[in-house]
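Novice: Would you mind keeping the following structure in view while I ask a few things?
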Amino acid sequence: VLDADAMLLITEWKEFRLPSWAVIRKAMNRQIVFDGRNIYEKEEMEEQGFTYYCIGK
Numbered sequence: 071v072l073d074a075d076a077m078l079l080i081t082e083w084k085e086f087r088l089p090s091w092a093v094i095r096k097a098m099n100r101q102i103v104f105d106g107r108n109i110y111e112k113e114e115m116e117e118q119g120f121t122y123y124c125i126g127k
């Protein structure tokens with residue numbers, strides 16, 4: 071996600087369930103997340119400083 075404008079998550083693998091959002095947020099140019107599997111809560115993502123779009127399930 072280094073210098074990324076957005077991140078697209080399209081897996082439910084457990085390795086991606088609890089990422090370090092603080093590290094990811096700092097590495098990205100813009101904090102936009104598209105969740106293709108609906109594995110995160112919109113409110114929690116927004117509290118972490120991300121613009122969050124659930125596009126899955």
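Each residue of the sequence shown is one higher than the one before, starting from 71 at the first, in my numbering.
Note that the Cβ used here is the ideal one computed from N, Cα and C, for glycine as well.
Keep in mind the model is a prediction, meaning the values are calculated, not measured.
Could you give the DSSP three-state label for F120: helix, strand or coil?
Specialist: Coil, per DSSP.
Novice: Hey, would you say R95 sits closer than 7 Å to G126, going by beta carbons?
Specialist: No. Outside cutoff.
Novice: What three-state label does DSSP hand I94 in the structure shown?
Specialist: Helix at I94.
Novice: Within this structure, are the beta carbons of V103 and Y122 separated by less than 7 Å?
Specialist: A contact, by the Cβ cut-off of 7 Å.
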